[in-house]
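Heads up, the thing below is written out as structure tokens.
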Ligand SMILES: *Cc1c(COP(=O)(O)O)cnc(C)c1O
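Numbering (the working numbering), first residue to last: 11 to 365.
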């Protein structure tokens, strides 16, 4: 484990390494094993793997808690929602990641929980919704509306009600927001996005400081088996090593593009929370113009997902499950680490064609 006094960039580079002794490899070697010789701590491949542990030390070090890795972000979401007792109430932003909203709807339809979806920018409504809740889910910024929650106020109301507070920190990453430091109980990640950062891995993670919660969540992972592959964990950690450099660069690009997009007549609205590298724009001429834009560029790739080194975008309402409160002409842009002048040139040419 690295010294806790290290700053985030140093933790990203140094955490989860083998001991620095002669001939030790720099990276934890990939261990392909379904089982281990009896009598040790691990015993079976569903209970542990050295590559998971290395990844968990690094992400746990960045978030400031103990980490468990999962097969995907949604496997991590499912494991957290399973903490809620039968018939209990969960509060969540109406613009949470659509897979999260989908899980909540599915659990509710089967009588497992009661869900209250809130406008996360309406802090008073969020506070009121906390009454009687068992778990308060937050995603900040939300996807793709990029709304920011007043986490501290909502956390206090949730804790007063005896509810767990969870933050999906996928968009902000621990480099822009550390919820556990502000007394949030659980952080969830889709490590598929910025943490891995190269569009080649699906993985998820949960981080907590509460040892009891950690044990309950680990037991659930042991029982259900929503575990990551060994190679995935290795690749996710390799991606995490450069998270700070990638995010700084992508964020700089995003900030420059926000300035330029705000001036373009084809764009009626630009949303960016002031940090991070996701931008949502609304096209002045509607959904058709948005669809045209995503098919006219040469560099920007029309694709879902986000957080990779390459710039991608899509009109979110092309997905049937996207709520009608998201503008029809909204295009979510995941800004990559290419040269910003090339990104702008490509975008501007396509936008100019629309006007
Ligand atoms: C992608 C995403 C998820 C789901 O993660 P997967 O790895 O795709 O299962 C959850 N939350 C947010 C905010 C996401 O962007």
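Cβ coordinates follow ideal geometry from the N, Cα and C atoms, glycine included.
No experiment lies behind these values; they were computed from the predicted model shown.
Distances between the C-beta of residue 203 and the heavy atoms of ligand 1 include at least one below 7 Å. In the structure shown, the three-state DSSP call for residue 77 is strand.
Per DSSP, the continuous alpha helix (DSSP H) segment holding residue 224 begins and ends at 221-234. Look at residue 285: its beta carbon is at least 7 Å from all of the heavy atoms in ligand 1. Here residue 329 is exposed, its C-beta having fewer than 16 other C-beta atoms within 10 Å.
A distance below 8 Å separates the beta carbons of residue 243 and residue 59. A straight line joining the alpha-carbon of residue 288 with that of residue 264 spans about 7 Å. Relative to ligand 1, the beta carbon of residue 23 is positioned no closer than 7 Å to any heavy atom. It is roughly 16 Å from the alpha-carbon of residue 313 to the alpha-carbon of residue 204.
Per DSSP, the beta bridge partners of residue 99 are 124, 143.
According to DSSP, residue 180 shares a beta bridge with no other residue. Annotated three-state conformation of residue 163 is helix, per DSSP. In the structure shown, residue 66 falls within a helical segment according to DSSP collapsed to helix, strand and coil. By the beta-carbon neighbour count (other beta carbons within 10 angstroms, threshold 16), residue 42 is exposed. Checking the 7 Å criterion, the Cβ of residue 153 is within range of a heavy atom belonging to ligand 1. If you draw a straight line from the Cα of residue 324 to the Cα of residue 46, it comes to about 45 Å.
Around the beta carbon of residue 95, fewer than 16 other beta carbons lie within 10 angstroms, which makes this residue exposed.
Under the three-state reduction of DSSP output, residue 315 falls in the coil class, being neither helix nor strand.
Sequence-distant Cβ neighbours of residue 178 in its own chain, meaning closer than 6 Å and more than five residues away, are 149, 198.
Judged by beta-carbon spacing, residue 217 lies within the 8 Å limit of residue 69, meaning their Cβ atoms are closer than that value. Of the residues 112, 286, 358, the one whose Cα lies closest to the Cα of residue 257 is 286. Around the beta-carbon of residue 233, fewer than 16 other beta-carbon atoms lie within 10 Å, marking it exposed.
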